[in-house]
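Heads up: the sequence lines are chains B and F, in that order. Each residue of the first sequence is one higher than the one before, starting from 113 at the first, in this note's numbering. Each residue of the second sequence is one higher than the one before, starting from 597 at the first, in this note's numbering. For every residue, glycine included, the Cβ atom is placed at its ideal position computed from N, Cα and C. Notes follow once the structure below has been shown.
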Amino acid sequence: MDTTPKAISGVSTFLDDRIGAGSFLKRNMRKIFPDHWSFLLGEIALYSFIILLLTGTFLTFWFKPSMGEVVYSGSYQPLVGVKMSEAYASALNISFDVRGGLLIRQIHHWAALLFIAGMMVHMLRVFFTGAYRKPRELNWLIGVGLLSLALLEGLTGYSLPDDLLSGAGLRITEGVMLGIPVVGTYLTFLLFGGEYPGHDVISRFFTIHILLIPGILLALISAHMVLMWVQKHTQMPGTGRTEKNVVGAPFYPTFMAKAGAFTLFTFGVIALLGTFAQINPIWLFGPYTPADISAGSQPDFYMGFLEGSLRLMPSWEINFLDHTVSLSVLIPALVPLGIVMTGLALYPFIEQWVTGDRREHHTADRPRNNPHRTAIGFTGIAFYGVLWLLGANDEISANFHISLYETTIFGRFAIFLVPALAYFVAYRICIGLQRKDAEVLSHGVESGVIKRLPNGEYIEVHTPAAQDIADHIRGKKEIPIIESGVDGDGIPPKGARTAIGRLRAKASEAYGTDHVPLDEGHGHDEHAAIGAGDHSDGHRDGH
Amino acid sequence: MTDNINDQPEGRVPARVIGTPPSNGPILGDEIVHEAKGVPGVIPADPAVAKRAERIVALLFTITFLAGAAFIASYVIFQVGTIDRTAASNYALGSSLSIALLSLAAGIVVWVRQIMPKYNLVQERHPMASEADTKEYVEETFLQGANESGFVKHKMLRRTLLLAAAPLGLAPLVLLKDMGPLPGTALRHTVWGTPTKDGKPRRLVVEGTGQPIRAADFNSPGGILSVIPEGYEEDLNALAKATLILLKFRPDEIKSGTNLNWTHDGIVAYSKICTHVGCPAALYEQTTHHILCPCHQSTFDAADGAKVIFGPAARPLPQLPIAIDSEGYLVAKSDFNVPVGPSFWERGDAEAEAREQKA
Ligand code: HEM
Ligand code: FES
């Protein structure tokens with residue numbers, strides 16, 4: 113094609129004459145996007161959000177956010193004649209009397225799960241590759257905000273259908289709110305419009321769920337994208353890739369087409385799940401009443417860790433001066449979430465403080481190359497994981513025939529021990545992987561060719577690693593360590609004189625010390641012993 | 597910051613702007629833009645591969661067309677109205693939609709991979725921070741503007757503006773007050789303390805059927821019954837606090853924690869609302885007399901005043917004083933003597949107070 117079709121050039125000229133779109137397009141049509149499979153994780157969350165907006169809007173056309181009582185008279189025979197809230201009746205109506213309604217409800221729910229799961233793994237990717245470092249701290253904070261809001265969005269959405277299962281979640285929410293010192297009862301009465309459950313909470317949650325939080329999410333997601341666009345994506349280390357460039361494919365046409373395909377793919381997979389994997393079959397649970405509960409019910413996966421931490425807690429409560437602080441509610445409901453979210457939010461700044469590193473970073477770290485960061489990440493995952501597993505301890509107990517209480521007591525220890533163990537193991541694995549890298553650089557890779565030496569020993573011939581692999585490995589960066597050594601007169605630098613200063617210096621040294629410096633290995637012979645024979649020239653790499 | 601300089605590392609060709617028209621022509625205009633032939637970093641696809649790929653993509657797009665048409669047809673053909681028909685409609689709509697989407701996605705992927713070129717383009721990054729003279733200019737302008745506005749010089753102006761903002765900022769919060777009443781002592785009472793219209797004590801009725809319970813008929817030791825107050829069967833607010841579990845023991849099974857004066861012939865009533873965060877403590881194990889809350893597994897000993905023997909709940913399930921009326925039906929003698937359900941700030945050690953009062 114040598115000329116732009118009239119239809120396109122006409123429109124583009126119209127727009128350019130009015131808003132000068134040309135200079136924006138000139139700068140951005142060929143914006144370069146680096147490629148790596150892990151960069152797709154955030155996109156899963158993004159496209160799931162779009163699906164949530166579309167399917168959610170569809171649901172609002174039939175859903176009635178009212179706690180007014182009606183007698184069910186729809187197509188689902190087992191519940192005909194049962195008194196229930198209008199909200200529950202309308203959710204049944206969407207499921208059984210609207211063509212495609214059940215499909216869209218299930219797609220909405222699956223998309224919600226994928227949205228949150230996508231965000232979580234995306235966040236882990238950003239953490240482990242250090243992509244939150246300067247200049248991207250703001251986008252990291254936006255991400256933490258998005259995750260917190262998404263949890264709230266899920267909680268409010270889960271409560272809307274007003275079935276017996278969603279009501280249990282709501283009751284727990286109320287119980288936790290009541291426990292908040294000083295203002296708890298007031299907050300609860302405001303939210304519920306009086307005593308629990310009242311007649312207001314569903315319609316209030318509805319507004320929060322479809323307007324307030326999605327609005328904020330949309331704004332934050334847009335800001336997230338704009339920042340990403342302006343700061344350009346990080347890239348994995350490799351041939352020709354530096355801190356000063358981006359290597360990859362242009363936005364137009366490839367990245368655009370790929371993003372479109374991935375949106376469709378995400379939507380397709382969610383549609384498959386929505387079709388064949390039943391989720392939240394509200395008609396089986398029945399309408400909500402505070403007098404009943406369906407046994408063995410599980411919340412959505414992202415709430416599981418809170419359930420687990422509530423189960424783990426011993427029965428502590430403080431009474432003083434006619435007041436009550438119910439630690440067995442407050443600690444498990446607020447502390448783990450607080451630790452994880454605050455820890456995430458502060459990590460970039462703590463790391464900067466410890467390393468004294470104020471430079472911009474645009475190439476991603478491979479997780480192994482910052483072993484302490486990676487170990488801290490795995491500690492967090494283990495902490496979350498133990499709570500999450502404990503949230504399903506009744507299932508575990510039933511399936512593996514372990515006493516329920518033993519799983520809880522195990523959890524009370526595991527919540528401290530497993531994260532510590534995870535730290536240690538992750539750290540060791542990182543160092544091990546670094547050693548393997550160093551070996552590849554110094555001795556090359558196994559070529560698959562076995563040679564027999566005159567003395568009878570078999571060796572495998574090693575060849576230097578391919579250029580791209582070697583460059584990928586050489587992308588390892590030194591982690592700065594702050595100045596802490598004493599000067600000529602035996603006086604430590606100013607910053608390291610206080611207790612905090614000394615702690616910082618110690619932490620910095622531990623965090624930044626490279627235990628496996630890369631050695632390009634010139635002058636070694638290019639083979640390693642693999643077979644029988646004289647091992648006299650055996651392993652030189654046993655450091 | 598975002599210019600497109602594709603300087604190849606090898607530097608085979610002088611750097612040029614790829615894919616953008618000459619800067620002073622119309623964008624996407626009538627001017628001929630020559631497709632990048634032999635542009636460094638753009639590796640065209642093998643024409644033979646592209647030819648084959650085109651057929652695959654066309655096939656996939658056709659599948660999407662057919663599946664899309666099938667979706668619309670399914671909407672018309674499959675009606676809902678019974679469980680089976682809803683299921684059939686769901687499968688038909690869902691499968692056709694999934695196939696349409698996935699096939700379209702696959703088509704585009706093949707297109708990108710085998711027909712579009714491979715790219716290895718390089719774009720420069722620049723530090724995010726602005727140049728020094730830009731910063732200087734901004735700072736000067738800021739100071740100039742601040743001084744021009746008089747905000748710095750006029751102290752009164754500053755202070756009264758702050759003063760003006762404070763109540764306006766609070767106003768939206770104040771407006772929220774009417775979302776709900778103040779708690780007052782609502783959490784301390786249940787409807788068990790409210791006598792019926794004709795002034796008689798309130799009967800216990802079975803949840804679901806609404807049947808009053810004749811003490812003589814409730815005689816299966818080991819049984820557990822979910823019980824609610826007569827006249828409030830539909831009132832969820834009342835049920836959220838007043839729902840009970842009713843059990844019957846043999847006299848020798850009851851331990852000291854249970855208040856015998858509040859039982860009738862071995863029949864004991866406890867609040868069903870868990871003292872942890874309020875789930876109905878609905879599970880009962882007959883052999884051990886354990887009441888188990890399914891939410892976080894707080895376990896209460898029903899024979900011993902429902903005291904906590906495991907789990908996060910910090911207090912026993914309160915016991916309701918019961919008796920029988922003239923017709924032999926179970927009634928509440930009074931309200932609970934402590935607040936039921938989860939703890940709250942104003943609750944205090946109500947159990948200790950109740951004990952003191954009795955003593
Ligand atoms: C942004 C993230 C969102 C999440 C995580 C989320 C999550 C959920 C969940 C878990 C449910 C319960 C689903 C079920 O009934 O099976 C739900 C229901 C619902 N959501 Fe969302 N949602 C989101 C966005 C939206 C949006 C943007 C809208 C509307 C514009 C919406 C409208 C609704 C409606 C009307 C229901 C109740 C209908 C029903 O249960 O049948 N949601 N949501
Ligand atoms: S609500 Fe009963 S154990 Fe938590």
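Item to check | Simplified DSSP assignment, three categories, for A902/F | outcome: Coil at A902/F, not helix or strand.
Checklist entry - Does the Cβ of A742/F have 16 or more other Cβ atoms within 10 Å, making it buried, or fewer, making it exposed? => result Flag for A742/F reads exposed.
Item to check | Spatially closest choice to L276/B from N482/B, P309/B, G296/B, M113/B, by CA coordinates | outcome: Selected option, being the one with the closest Cα: P309/B.
Checklist entry - Do you know whose CA, among L137/B, M196/B, G242/B, lies nearest K588/B's CA? => result Nearest in C-alpha terms to K588/B, of all of L137/B, M196/B, G242/B, is G242/B.
Checklist entry - Is any heavy atom of the ligand FES found at a distance shorter than 7 Å from the C-beta of S438/B? => result Not one heavy atom of the ligand FES lies closer than 7 Å to the C-beta of S438/B.
Checklist entry - Within the present structure, is the beta-carbon of L422/B separated from the nearest heavy atom of the ligand FES by less than 7 Å? => result Using a cutoff of 7 Å, the CB of L422/B counts as near the ligand FES, since one of the ligand's heavy atoms is closer than that.
Checklist entry - Cβ of D469/B less than 8 Å from any chain F Cβ? => result Not closer than 8 Å to any Cβ of chain F, the Cβ of D469/B fails to qualify, so no.
Checklist entry - Taking C-alpha atoms, which residue in P876/F, A877/F, A898/F, V705/F lies nearest to H886/F? => result The shortest Cα separation from H886/F among P876/F, A877/F, A898/F, V705/F belongs to A898/F.
Checklist entry - Near S939/F, what residues of its chain come up, given a Cβ to Cβ distance below 8 Å and the 5 sequence neighbours on each side ignored? => result Excluding residues up to 5 positions away in sequence, T871, A910, R911 lie with their Cβ nearer than 8 Å to the Cβ of S939/F in the same chain.
Checklist entry - Which stretch, first to last residue, makes up the alpha helix (DSSP H) that contains Q218/B? => result Run containing Q218/B: 213–240, per the alpha helix (DSSP H) assignment.
Next on the checklist: Tell me which residue opens and which closes the beta strand (DSSP E) that R564/B is part of.
Outcome noted: Note, R564/B: beta strand (DSSP E), 557–564.
Item to check | Enclosing alpha helix (DSSP H) for A946/F [first to last residue] | outcome: Element bounds for A946/F: 946–954.
Checklist entry - Under a CB-based cut-off of 8 Å, is N357/B close to chain F? => result N357/B belongs to the set of residues whose beta carbon lies under 8 Å from a beta carbon in chain F.
Next on the checklist: If you reduce the DSSP assignment to three classes, tell me which class I639/F lands in.
Outcome noted: Here I639/F sits in strand by DSSP.
Checklist entry - Where F657/F and W707/F are concerned, what is the direct C-alpha to C-alpha distance, given to the nearest angstrom? => result Using only the alpha carbons, I get a separation of about 11 Å.
Checklist entry - Is it true that the CB of A577/B sits closer than 8 Å to the CB of V686/B? => result With chain B covering only 113 through 655, there is no way to say anything about residue 686/B.
Item to check | Interface partners of L458/B on chain F, CB under 8 Å | outcome: Within chain F, no residue comes near L458/B; the closest Cβ sits about 21 Å away, beyond 8 Å.
Next on the checklist: Tell me which residues share the same chain as I593/B and place their Cβ nearer than 6 Å to its Cβ, disregarding the 5 neighbours each side in the sequence.
Outcome noted: Excluding residues up to 5 positions away in sequence, S620, E621, G624 lie with their Cβ nearer than 6 Å to the Cβ of I593/B in the same chain.
Checklist entry - What residue range is occupied by the uninterrupted alpha helix (DSSP H) comprising E155/B? => result Its alpha helix (DSSP H) spans residues 152–172.
Item to check | Cross-strand partners of Q347/B (DSSP beta bridge) | outcome: The partner list for Q347/B (beta bridge, DSSP) reads T475/B.
Checklist entry - Run through DSSP, which three-state label would H435/B get? => result If DSSP states are grouped into helix, strand and coil, H435/B belongs with the strands.
Item to check | chain F residues whose Cβ lies nearer than 7 Å to that of D434/B | outcome: Ordered by position in chain F, the residues that pass the 7 Å Cβ test against D434/B are G944.
Checklist entry - Relative to chain F, which residues along the segment 608–625 of chain B have a C-beta separation below 7 Å, given in chain order? => result Residues are counted here when their Cβ sits less than 7 Å from a Cβ of chain F; for the segment 608–625 of chain B the count is zero.
Checklist entry - Using CA coordinates, which residue listed in N251/B, L282/B, R470/B, I488/B is at the minimum distance from F304/B? => result F304/B has its Cα closest to that of L282/B, out of N251/B, L282/B, R470/B, I488/B.
Item to check | DSSP three-state assignment for Q675/F, whether helix, strand or coil | outcome: In the displayed model, Q675/F falls within coil according to three-state DSSP, outside both helix and strand.
Next on the checklist: Below 7 Å, is the gap between the Cβ of P426/B and the nearest heavy atom of the ligand FES?
Outcome noted: False, no ligand heavy atom lies under 7 Å from that Cβ.
Next on the checklist: Residues of chain B with CB closer than 9 Å to the CB of T884/F, please, in chain order.
Outcome noted: From the beta-carbon of T884/F, no residue of chain B is found nearer than 9 Å; the closest lies around 12 Å away.
Checklist entry - Rounded to the nearest angstrom, how far is the Cβ of A928/F from that of W788/F, given a contact under 8 Å? => result Rounded to the nearest angstrom, the Cβ distance from A928/F to W788/F is 4 Å, consistent with a contact under 8 Å.
Checklist entry - Quick one: does the C-beta of A909/F sit closer than 7 Å to a heavy atom of the ligand FES? => result A909/F: yes, Cβ under 7 Å from the ligand FES.
Item to check | Where E627/F sits in the DSSP three-state scheme | outcome: Because the pLDDT at E627/F is just 39, under 50, the model does not fix this residue reliably, and the point stays unresolved.
Checklist entry - Going along the chain, which residues of the segment 381–392 of chain B sit with their C-beta nearer than 8 Å to a C-beta in chain D? => result Included in the structure are the protein chains B and F, with no chain D among them.
Checklist entry - Should I120/B be labelled buried (16 or more other beta-carbon atoms within 10 Å of its own) or exposed? => result Exposed, because fewer than 16 other Cβ atoms sit within 10 Å of the Cβ of I120/B.
Checklist entry - Whose C-alpha, out of L458/B, L272/B, L259/B, is nearest the C-alpha of G230/B? => result Among L458/B, L272/B, L259/B, the Cα nearest to that of G230/B belongs to L259/B.
Checklist entry - Mind checking whether K903/F and G853/F have CB atoms under 8 Å apart? => result One thing to note: K903/F has its Cβ within 8 Å of the Cβ of G853/F.
Item to check | Limits of the unbroken beta strand (DSSP E) element including T486/B | outcome: Run containing T486/B: none in the beta strand (DSSP E); it sits in the alpha helix (DSSP H), 483–502.
Next on the checklist: Taking 8 Å as the threshold (C-beta atoms), are I394/B and A223/B in contact?
Outcome noted: Annotated as distal: A223/B and I394/B, with beta-carbon spacing of 8 Å or more.
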